[in-house]
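Residue numbering for the sequence shown follows the working numbering, starting at 30 and increasing by one per position. Note that the Cβ used here is the ideal one computed from N, Cα and C, for glycine as well.
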Amino acid sequence: MEYYIADSAVFIMGSGIEPYRIITIPSVVNELKSSEAAMRFDLARESGARVEMPEDSFREKVMQTANKTRDCEELSSTDIDILAKALEYKGNSVLLTDDYAVQNVAKVLGLEVKPVAQKKIKDVLVWQKQCTGCRKKFDSGDICPVCGSPLKKRRKRKI
Ligand SMILES: [Zn+2]
Numbered sequence: 030m031e032y033y034i035a036d037s038a039v040f041i042m043g044s045g046i047e048p049y050r051i052i053t054i055p056s057v058v059n060e061l062k063s064s065e066a067a068m069r070f071d072l073a074r075e076s077g078a079r080v081e082m083p084e085d086s087f088r089e090k091v092m093q094t095a096n097k098t099r100d101c102e103e104l105s106s107t108d109i110d111i112l113a114k115a116l117e118y119k120g121n122s123v124l125l126t127d128d129y130a131v132q133n134v135a136k137v138l139g140l141e142v143k144p145v146a147q148k149k150i151k152d153v154l155v156w157q158k159q160c161t162g163c164r165k166k167f168d169s170g171d172i173c174p175v176c177g178s179p180l181k182k183r184r185k186r187k188i
């Protein structure tokens with residue numbers, strides 16, 4: 030059976046997935062702030078959704094990969110946990126997340142990833158430029174005024 034490793038977005042936005050195929054982690058559950066999302070989670074849990082602790086060995090591997098891709102600064106502890114859980118079920122799971130940095134690391138780890146839903150209007154995406162050399166962030170420009178390396182466009186979520 031294929032499992033769906035669920036990020037908080039699954040419970041915030043809702044999804045049409047059979048609850049018994051959903052696996053999530055304790056830190057995702059703790060982050061569900063709206064009562065609507067918490068209620069969706071409770072319903073899924075009652076219908077067989079599982080909450081599992083991530084294993085340290087998989088967290089370790091995720092952090093090593095995130096360091097290589099330089100996504101480490103963007104990842105929260107919850108992000109690392111959810112990636113670790115998806116890695117544990119690699120080849121047998123789809124990671125559901127709308128988080129850009131999580132999607133990026135997941136791809137490098139060879140995990141199957143799907144976005145949960147279209148962005149809601151309140152999720153405004155802001156573009157930022159980041160230096161490919163010194164990693165400093167700027168609002169605009171093409172060349173880093175600090176080290177002279179080219180700047181790359183990045184998106185940043187602002188709610
Ligand atoms: Zn620079």
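Could you check what DSSP says for residue i in three-state terms: helix, strand or coil?
i	result
Lys148	Bear in mind that the predicted position of Lys148 carries a pLDDT of just 48, short of 50, making it too unreliable to give a figure here.
Ile188	Annotation note: pLDDT 42 at Ile188 (below 50); position unreliable, coordinate value reported separately. Looking at Ile188 - three-state DSSP - the assignment turns out to be coil, as it is neither helix nor strand.
Cys160	strand
Ala66	helix
Ala78	coil
Ile172	strand
Leu180	strand
Lys119	coil
Lys166	strand
Leu112	helix
Glu196	This structure does not reach residue 196, given that the chain is present from 30 up to 188, and the question cannot be answered.
Phe100	In the sequence on display, residue 100 carries Asp and not Phe. Residue state, collapsed to three classes: coil.
Ser105	coil
Heavy atom of ligand 1 less than 7 Å from the Cβ of residue i, yes or no?
i	result
Lys165	yes
Ser169	no
Val175	yes
Ser105	no
Cys160	yes
Ser56	no
Ser178	yes
Ends of the beta strand (DSSP E) at residue i?
i	result
Ser122	122-125
Lys143	141-143
Ile34	32-35
For the alpha helix (DSSP H) containing residue i, list its first residue and its last residue.
i	result
Ala135	129-137
Ile54	Ile54 -> no alpha helix (DSSP H), and no H or E assigned at all.
For my contact list, residue i and residue j are in at a C-beta cut-off of 8 Å; report their separation, rounded to the angstrom.
i	j	result
Val39	Val58	Not a contact, Cβ separation roughly 11 Å.
Glu31	Ser122	6 Å
Asp171	Leu180	6 Å
Please determine whether the Cβ atom of residue i lies at a distance below 7 Å from any heavy atom of ligand 2.
i	result
Asp168	Ligands present in the displayed structure are limited to ligand 1, and ligand 2 is not among them.
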